[in-house]
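Just below is one structure, and these are the notes that go with it.
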Amino acid sequence: MAGFDDVESIWSARLGSLRNTVRQHLVRTQLHAHLGAAHTVLDVGCGQGTQALELAADGCEVIGVDPSADLLARATDDARRRGLALTVLPGVLDDLGALLPGRSFDLVCAHGLLMYLPDAEQAVASLTAMVRPGGLLSFTFRNVDALAMRPGLRGDWDAALAAFGARSYVNELGADAYAHGIDDVAAWCQALGLAVEAWYGVRVLTDPADADVPASSVADLDACLRAEEEAGRRDPYRRLGSMIHVVARR
Numbered sequence: 165m166a167g168f169d170d171v172e173s174i175w176s177a178r179l180g181s182l183r184n185t186v187r188q189h190l191v192r193t194q195l196h197a198h199l200g201a202a203h204t205v206l207d208v209g210c211g212q213g214t215q216a217l218e219l220a221a222d223g224c225e226v227i228g229v230d231p232s233a234d235l236l237a238r239a240t241d242d243a244r245r246r247g248l249a250l251t252v253l254p255g256v257l258d259d260l261g262a263l264l265p266g267r268s269f270d271l272v273c274a275h276g277l278l279m280y281l282p283d284a285e286q287a288v289a290s291l292t293a294m295v296r297p298g299g300l301l302s303f304t305f306r307n308v309d310a311l312a313m314r315p316g317l318r319g320d321w322d323a324a325l326a327a328f329g330a331r332s333y334v335n336e337l338g339a340d341a342y343a344h345g346i347d348d349v350a351a352w353c354q355a356l357g358l359a360v361e362a363w364y365g366v367r368v369l370t371d372p373a374d375a376d377v378p379a380s381s382v383a384d385l386d387a388c389l390r391a392e393e394e395a396g397r398r399d400p401y402r403r404l405g406s407m408i409h410v411v412a413r414r
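In our numbering, the protein residues as written are 165 to 414.
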């Protein structure tokens, strides 16, 4: 089985792709509507720090946790270049108690994590434990109800047929991954005492694009992003997002 660590270099090479640009923009825009007075932030699986740096630019005190030394170094370099304060710690979800004993945060983020974990429900519980009462949890997961959409819209019928009813898959990086449905995830949140403030679709319209297509190839990227924003918050479109973004309050 291949995990994210095995395909990190491929992922890093695609940071400027259309699909990644759309994903990062949507998560940022969707989350920003809920930030309010959030000041302390924990970003778990922060990677190269795209979201962590934007939150730091908003004036938040941000701690990013990730197992990749290379990605943390990139986040640190970008923070220094932009004159932003960002604390990074090497580690994984299971390390949070030891890394940050007794800490809780106004906002806890996990925007690229759950699809790589076999027990996403337990992961949401672990993340919730780091949220202060009244604080926010923001996380994304691969949408099980859209697994057949990308191959189907590309005309890859065998792959589309195989995706119906599947809950695990090998993603385009070559890593083993897992998908979930919004109704199940909402039930997890309720059981944990989380109130879902909103959920959004991520990459409803652009997901069939090839993984290597650069964002710069889109003639009107601003219009593309606005269309994705609308699709991500409207029914029935949001249910077809490649990923789902949940914002919940503890």
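Every residue gets a Cβ at the ideal spot worked out from N, C-alpha and C, and that includes glycine.
Burial state of R306, where buried means 16 or more other Cβ atoms lie within 10 Å: buried
Beta bridge counterpart(s) of Y342 as assigned by DSSP: S332
Reference V272, options L311, V229, L235 and A391, closest by Cα: V229
Exposure of D207, with buried meaning 16 or more beta-carbon neighbours within 10 Å: buried
Terminal residues of the alpha helix (DSSP H) in which T370 lies: Element bounds for T370: n/a, residue is neither H nor E.
Run of the alpha helix (DSSP H) containing H196, from where it starts to where it stops: L182 to H196
Rounded distance between the beta-carbons of V411 and H196, thought under 8 Å: In fact, because the Cβ distance is near 10 Å, the residues do not count as touching under 8 Å.
CB contact flag (L291, F303, <8 Å): yes
Proximity winner among L337, A395, Y364 and A330, relative to F168 (alpha-carbon distances): L337
For L278 and P372, the rounded distance between their alpha carbons: 21 Å
Reduced DSSP category for G298 - H, G, I as helix; E, B as strand; rest coil: strand
Identity of the residue in Y342, V288, S232 and A293 nearest P265 by Cα: A293
Alpha-carbon to alpha-carbon, L236 and Q212: 6 Å
Of the listed residues R314, F269, D320 and F328, nearest to L300 (C-alpha basis): F269
Between the CA atoms of C353 and A287 - distance to the nearest angstrom: 11 Å
Nearest-angstrom Cβ-Cβ length linking A122 and A243, presumed shorter than 8 Å: Residue 122 is absent from the model: the chain starts at 165 and stops at 414.
Counterpart residues of P378 in DSSP-defined beta bridges: S181
For C388, the first and last residue of its enclosing alpha helix (DSSP H): L385 to R397
CB contact flag (G276, L263, <8 Å): no
Three CB pairs or more closer than 8 Å across the region 381-392 and the region 179-186: yes
CB-CB length for L404 against V368, believed under 8 Å: 5 Å
L325 classed as buried or exposed, judged by whether at least 16 other C-beta atoms fall within 10 angstroms: exposed
Three-state class that DSSP yields for A362 in the structure shown: strand
G396 classed as buried or exposed, judged by whether at least 16 other C-beta atoms fall within 10 angstroms: buried
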